[in-house]
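These notes are about the structure you will find just below.
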Amino acid sequence: MDLISDIPAIYWIILAGAAATYATRFGGYLVVSRFENIPPRINAALDAVPAAVLTTLVAPALLSLGWAEAVTLCLAGVVALRFSLSVTLVAGGAAIILLRALSG
Amino acid sequence: MPMISADFRHGMRDSVPVMIGVAPFGLLFGALAVENGMGIVEATLMSALIFGGASQMVGIDLFGTQIAPWMIVLSIFAVNFRHVLYSASLGPKLVRYTGLQKAVAFFFLTDVHYSAAERRHELGQSFGFGWYMGLTIPLYILWVGETIVGGLFGRLITNPEAFGMDMLLPVYFLGIVMGFRRRRNWLPVVIASGLASTLAYGTIGSPWHVSIGAIAGVAFAALIAGDQPVTEPEANETEEIT
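Line by line, the protein sequences are chains A and B.
Those letters in the first sequence? Residues 84 to 187, per our numbering, in order.
Those letters in the second sequence? Residues 9 to 250, per our numbering, in order.
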């Protein structure tokens, strides 16, 4: 037990995170190979998971940081409508550097 | 070496455009991991074992806070949950794979693998295990290698605000959320989880806004979905294989 508690928490986070990730990558096939159909509501809920989780990481930054950060996120959102993720990231990075320089 | 086949070379060819798109994020992950107090060894292990960009970003983002370890694992699981759909859709099409080959293929299954395999399926081209590994191996080497390079480079950056690096994660997540916009009920889900997470952030506080916001969005999606099956979004539109 001493050996186990000596291992830093980050290693347990990585190992458990890897196991959980592998479970998602294998799990869908395991479930589908046993059942005929997924109920529409469950399917809709699963479909919504990534957008729901990632939105929670953006929304507080949009509303609780300064105006430069809010403008950057709005601009990045518009850029993302037309361009790739890489272009969006470059545009967002350029915007925040410029806006912070302007706001002194 | 049955893997060095035409199939394998086709996989490697398919990996080229993907690597160009993925390259900045491997470096970004390594740099931000070190920025958030993680060692290069730990960051590299994370890239090698999880091999999922968005979930690793979430992991290091939360690692920089005082959040409980199980919450970080749960968040990684939540962000990677979409792979359940990929696995469910792609798995039955891997008819020529042995059990062991499926087990290996699922370890590396990402958005990129899913979309590339679906594209070949659409075009009537084969996507055997050789092709799959031809796509995977260059990407995996790039991703893990860049974590080390990014980690070393990140240590040279002493003032991340000057480079706007602290805002890159929110912009990156926003870009991914925008990429989902053609999914059904995308806007209601984003509004529901956005409002719930902001409200939770202002009242209960971080890190609970992540779980509360996500649950609100997912529950709302289930609530407004009808009981009748609808046309699937592009991410899993070829499900008529059953």
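For each residue, glycine too, the CB sits at the ideal point set by N, CA and C.
These numbers were taken from a predicted model, which means no experiment stands behind them.
Practice problem: Closer than 8 Å, Cβ to Cβ, to anything on chain A: give me those residues from the region 124-158 of chain B, in chain order. | Solution: Here the close residues number zero.
Quiz prompt | Proximity test, Cβ basis, 9 Å: A:Trp-150 and chain B | solution = Stepping through the first sequence from its first residue, residue 150 of chain A is reached at position 67. With 9 Å as the cut-off, A:Trp-150 does not count as an interface residue toward chain B.
Quiz item: Closer than 7 Å, Cβ to any Cβ of chain A: which residues of the region 31-60 of chain B, in chain order?
Solution: Going along the region 31-60 of chain B in chain order, one finds Pro-32, Met-46, Glu-50, Leu-53, Met-54, Leu-57, Ile-58, Gly-60 with a Cβ nearer than 7 Å to chain A.
Quiz prompt | Assumed close pair B:Gly-138, B:Gly-19 - CB separation to whole angstroms, cut-off 8 Å | solution = Indexing the second sequence from 1 puts residue 138 of chain B at position 130. Indexing the second sequence from 1 puts residue 19 of chain B at position 11. The C-beta separation of B:Gly-138 from B:Gly-19 comes to about 7 Å, placing the pair in contact by the 8 Å criterion.
Quiz item: Of all the CB atoms in chain B, is at least one closer than 9 Å to the CB of A:Ile-31?
Solution: Given that chain A is displayed from residue 84 to residue 187, the structure contains no residue 31 of chain A and the question cannot be resolved.
Quiz item: Going straight from the alpha carbon of B:Leu-182 to that of B:Gly-213, what length do you get?
Solution: To locate residue 182 of chain B, count along the second sequence from 1; it is residue 174. To locate residue 213 of chain B, count along the second sequence from 1; it is residue 205. A direct Cα-Cα distance of roughly 21 Å separates B:Leu-182 from B:Gly-213.
Quiz item: Secondary structure at B:Phe-135, three-state DSSP: helix, strand or coil?
Solution: On the second sequence, position 127 is the one that residue 135 of chain B refers to. Note: B:Phe-135 maps to coil in three-state DSSP.
Quiz item: Along chain A, in chain order, which residues have C-beta atoms closer than 8 Å to that of B:Tyr-312?
Solution: Summary: the structure shown does not reach residue 312 of chain B, with chain B confined to residues 9 through 250, and so no result is reported for it.
Exercise. Select from A:Leu-172, A:Tyr-112, A:Ile-121 the residue whose C-alpha is nearest the C-alpha of B:Val-92.
Key: Working through the second sequence from its first residue, we reach residue 92 of chain B at position 84. Restricting attention to A:Leu-172, A:Tyr-112, A:Ile-121, the CA atom closest to the CA of B:Val-92 is found in A:Tyr-112.
Quiz item: Is the region 159-170 of chain A touching the region 23-43 of chain B in the sense that three or more CB pairs, one from each, lie closer than 8 Å?
Solution: Put simply, the region 23-43 of chain B touches the region 159-170 of chain A. At least three CB pairs are less than 8 Å apart.
Practice problem: Verify whether the separation of the beta carbon atoms of A:Ala-159 and A:Gly-175 is less than 9 Å. | Solution: Within the first sequence, the letter at position 76 stands for residue 159 of chain A. Within the first sequence, the letter at position 92 stands for residue 175 of chain A. When the beta-carbon positions are compared, A:Ala-159 and A:Gly-175 come within less than 9 Å of each other.
Quiz item: Closer than 9 Å, CB to CB, is A:Ser-169 near chain B or not?
Solution: Stepping through the first sequence from its first residue, residue 169 of chain A is reached at position 86. Yes, contact with chain B.
Quiz item: When you check each C-beta in the region 134-146 of chain A against every C-beta of chain B, which residues fall closer than 7 Å?
Solution: Answer set for the region 134-146 of chain A: Ala-134, Ala-135, Val-136, Leu-137, Thr-138, Thr-139, Leu-140, Val-141, Ala-142, Pro-143, Ala-144, Leu-146.
Quiz item: How should B:Asp-15 be labelled, buried or exposed, when 16 other C-beta atoms within 10 angstroms of its C-beta is the threshold for buried?
Solution: Residue 15 of chain B sits at position 7 when you count from the first residue of the second sequence. Per the 10 Å Cβ criterion, buried.
Quiz prompt | alpha helix (DSSP H) runs contained entirely in the region 179-249 of chain B, provided each spans 4 or more residues | solution = For the region 179-249 of chain B, whole alpha helix (DSSP H) runs of length 4 or above, ordered along the chain, are 194-210, 216-232.
Exercise. Check whether the region 65-85 of chain B touches the region 114-129 of chain B, taking contact to mean three or more Cβ pairs, one atom from each stretch, closer than 8 Å.
Key: No, the region 65-85 of chain B is not in contact with the region 114-129 of chain B.
Quiz item: Per DSSP, what kind of secondary structure is A:Ser-167 in: helix, strand or coil?
Solution: The residue you call residue 167 of chain A lines up with position 84 of the first sequence. DSSP places A:Ser-167 in coil when its eight states are reduced to three.
Exercise. Closer than 6 Å by C-beta to B:Gly-142: which residues in its own chain qualify, once you throw out the five before and the five after it? Chain order, please.
Key: Taking the first residue of the second sequence as 1, we reach residue 142 of chain B at position 134. For B:Gly-142, same chain residues with a beta-carbon under 6 Å away, outside a window of 5 residues either side, are Phe-16, Gly-19, Met-20 in chain order.
Quiz item: What did DSSP end up calling B:Gly-123 once you bin it into helix, strand or coil?
Solution: Against the second sequence, residue 123 of chain B aligns to sequence position 115. Checking the sequence, you will find Ser at residue 123 of chain B rather than Gly. If DSSP states are grouped into helix, strand and coil, B:Ser-123 belongs with the helices.
Quiz prompt | Cβ neighbour criterion (16 or more within 10 Å) applied to B:Asp-235 | solution = Within the second sequence, numbered from 1, the residue matching residue 235 of chain B stands at position 227. Exposed: under 16 other Cβ atoms inside 10 Å.
Quiz item: Are there 16 or more other CB atoms within 10 angstroms of the CB of A:Val-154, so buried, or fewer, so exposed?
Solution: Here residue 154 of chain A refers to the residue found at position 71 when the first sequence is read from its first residue. By the 10 Å Cβ count, A:Val-154 comes out exposed.
Self-check item: Unbroken stretches of the alpha helix (DSSP H), 4 residues or longer, contained in the region 88-137 of chain A
Solution: If you keep only unbroken alpha helix (DSSP H) runs of at least 4 residues inside the region 88-137 of chain A, you get 92-115.
Practice problem: Answer with yes or no whether the minimum CB distance from A:Glu-185 to chain B is below 9 Å. | Solution: In the first sequence, residue 185 of chain A corresponds to position 102, counting from 1. Sequence inspection shows Leu at residue 185 of chain A; the Glu mentioned does not correspond to that position. It does not: the Cβ of A:Leu-185 has no partner Cβ on chain B nearer than 9 Å.
Self-check item: Rounded separation between A:Leu-146 and B:Leu-207 - CA only
Solution: Numbered from its first residue, the first sequence carries residue 146 of chain A at position 63. Numbered from its first residue, the second sequence carries residue 207 of chain B at position 199. B:Leu-207 has its alpha-carbon roughly 10 Å from the corresponding atom of A:Leu-146.
Practice problem: For B:Ile-184, return the contacting residues in chain A, with the cut-off set at a CB-CB distance below 8 Å. | Solution: Here residue 184 of chain B refers to the residue found at position 176 of the second sequence. Neighbours of B:Ile-184 in chain A, taken as residues at a C-beta separation under 8 Å, are given in chain order as Pro-133, Leu-137, Leu-168.
Quiz item: With a CB to CB cut of under 7 Å and the five nearest residues on each side skipped, what residues in its chain are close to B:Val-152?
Solution: Translated into the one-based positions of the second sequence, residue 152 of chain B becomes position 144. Closer than 7 Å at Cβ, skipping near neighbours: Thr-52, Ser-55, Ala-56.
Quiz prompt | Integer Cβ distance of B:Phe-37 from B:Gly-60, believed to fall under 8 Å | solution = Position 29 of the second sequence, counted from the first residue, corresponds to residue 37 of chain B. Position 52 of the second sequence, counted from the first residue, corresponds to residue 60 of chain B. That pair is no contact at about 10 Å.
Quiz item: Which first and last residues belong to the alpha helix (DSSP H) in which B:Gln-74 is found?
Solution: The residue labelled residue 74 of chain B in the question sits at position 66 within the second sequence. Here B:Gln-74 belongs to no alpha helix (DSSP H), and DSSP marks it neither H nor E.
Quiz prompt | Supposed close pair A:Ala-135, B:Ser-97 - CB separation, criterion 8 Å | solution = Sequence index remark: in the first sequence, residue 135 of chain A carries index 52 (1-based). Sequence index remark: in the second sequence, residue 97 of chain B carries index 89 (1-based). With 8 Å as the limit, A:Ala-135 and B:Ser-97 do not qualify as a contact, their Cβ atoms being about 20 Å apart.
Quiz item: Along the chain, where does the alpha helix (DSSP H) that runs through B:Ser-55 open and close?
Solution: Residue 55 of chain B sits at position 47 when you count from the first residue of the second sequence. Following the DSSP letters along the chain, one finds B:Ser-55 inside the alpha helix (DSSP H) bounded by residues 48-58.
Quiz prompt | Whether B:Leu-231 touches B:Glu-154 by CB criterion (9 Å) | solution = Here residue 231 of chain B is taken as the residue at index 223 of the second sequence, counted from 1. Here residue 154 of chain B is taken as the residue at index 146 of the second sequence, counted from 1. The answer is no: Cβ separation not under 9 Å.
Practice problem: Closer than 8 Å by C-beta to B:Leu-82: which residues in its own chain qualify, once you throw out the five before and the five after it? Chain order, please. | Solution: The residue given as residue 82 of chain B occupies position 74 in the second sequence. Excluding positions up to five away in sequence, the list reads Ser-219.
Self-check item: Beta-carbon gap between B:Ala-273 and B:Met-173 smaller than 9 Å
Solution: This structure cannot speak to residue 273 of chain B, because chain B is shown only from 9 to 250.
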